[in-house]
Amino acid sequence: MHYQSIVKVNGRIPPENISSLGSWKPLNGNEPVGVSTHQDLGRVLVSAMSSHSWMIESDLRRGIFTLVGQPADRGHQVRVEVGLPLTEAVRSVARWWRTISEPILISPRHGREIFDIPEPEGPLDENDDVPIIPKCVLIHLFPPIQELNNIGADKQREQARKRSQDRIELECADFLGHKADRDTDGKFAYGQTRLPDGMLGNQEKAIKVAQAIQEISAKAKHRE
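My numbering numbers the first residue of the sequence shown as 1 and each following residue consecutively.
What follows is the structure, encoded as structure tokens:
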């Protein structure tokens with residue numbers, strides 16, 4: 001399938017190699033480390049947070065990869081946006097806040113009727129007629145901070161200015177996240193941190209990031 005009107009194709013890439021604008025697939029916990037930051041972290045999360053079913057969602061249009069953990073119960077979905085551009089952080093928080101605040105509440109039974117999904121085998125869940133109220137933990141993992149050593153004074157000033165702008169964006173996203181948490185009575189939770197430098201292939205660093213994700217998720221779980 002071609003998307004010539006949507007995607008500007010690099011002349012060195014045959015158009016027939018463009019198959020989609022994104023994907024949604026299960027995380028493979030058996031992949032070797034060092035494949036990608038997303039896979040390294042996902043590999044740990046599959047083991048550390050086994051109460052969630054983990055998928056990787058890619059949006060090639062925005063260059064964003066999200067690790068999505070779907071809980072076995074009716075708890076908080078965990079969305080970990082990896083390497084999100086800092087300027088996207090505020091928009092991302094606002095988008096998911098709106099999704100939680102203005103949900104389309106349908107029960108599993110009504111959902112099957114609307115989308116013509118076959119009835120499940122075996123006994124139905126006791127909450128089959130109860131509307132599903134979405135809950136979400138949104139976590140942003142930002143790229144590592146570049147060191148200012150061994151670069152010229154002009155570049156140092158430019159980097160310092162950019163860091164100041166980035167800090168404002170992060171503080172704004174954090175403020176919106178806390179406000180969304182209060183306004184949705186804990187149905188939306190937000191957290192952010194940075195990926196450590198040199199995490200690719202380093203299992204210990206990936207585990208530390210996964211532990212931070214667990215801590216943020218645990219706080220939301222405690223409020224359910």
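Idealized CB from N, CA, C, for every residue including glycine.
Can you tell me where the alpha helix (DSSP H) holding residue i begins and where it ends?
i: I213; result: 203–222
i: L45; result: 37–48
i: F115; result: No alpha helix (DSSP H) contains F115, which DSSP labels as neither H nor E.
i: V93; result: 89–101
i: D174; result: 153–183
Does residue i pass the burial test, meaning 16 or more other C-beta atoms within 10 Å, or should it be called exposed?
i: R98; result: exposed
i: G198; result: exposed
i: R182; result: exposed
i: H52; result: buried
i: W54; result: buried
i: C172; result: exposed
i: T87; result: exposed
i: W24; result: exposed
i: R74; result: exposed
i: Q39; result: buried
i: L27; result: buried
i: I216; result: buried
i: I100; result: buried
i: L45; result: buried
i: R95; result: exposed
i: R157; result: exposed
i: A220; result: buried
i: I104; result: exposed
i: R167; result: exposed
Tell me the rounded alpha-carbon separation between residue i and residue j.
i: P131; j: G122; result: 21 Å
i: P71; j: G177; result: 21 Å
i: D125; j: G111; result: 14 Å
i: L170; j: P32; result: 32 Å
i: N17; j: L195; result: Bear in mind that the predicted position of N17 carries a pLDDT of just 48, short of 50, making it unreliable; the figure below should be weighed with that in mind. About 31 Å.
i: S36; j: K162; result: 27 Å
i: V90; j: A180; result: 12 Å
i: C136; j: A153; result: 43 Å
i: K205; j: S92; result: 26 Å
i: M1; j: F65; result: Interpretation of M1 is limited by its pLDDT of 31, a score under 50 that renders its predicted location unreliable; no figure is taken from the coordinates.
i: Q77; j: I56; result: 13 Å
i: D59; j: R43; result: 20 Å
Would you call the CB atoms of residue i and residue j closer than 9 Å?
i: G191; j: H140; result: yes
i: V225; j: L41; result: The requested residue 225 does not occur in the structure, where the chain is confined to residues 1 to 224.
i: L84; j: F142; result: yes
i: P134; j: K187; result: yes
i: A48; j: A210; result: yes
i: I225; j: I106; result: Absent from the structure is residue 225, since the part of the chain shown begins at 1 and ends at 224.
i: A212; j: T193; result: yes
i: G29; j: L200; result: no
DSSP puts residue i in a beta bridge; with which residues?
i: W24; result: E57
i: V137; result: V78, A189
i: V68; result: M55, R79
i: R194; result: F142
Could you please give the first and the last residue of the uninterrupted beta strand (DSSP E) stretch that includes residue i?
i: G63; result: That residue, G63, is in no beta strand (DSSP E); it is neither H nor E in DSSP.
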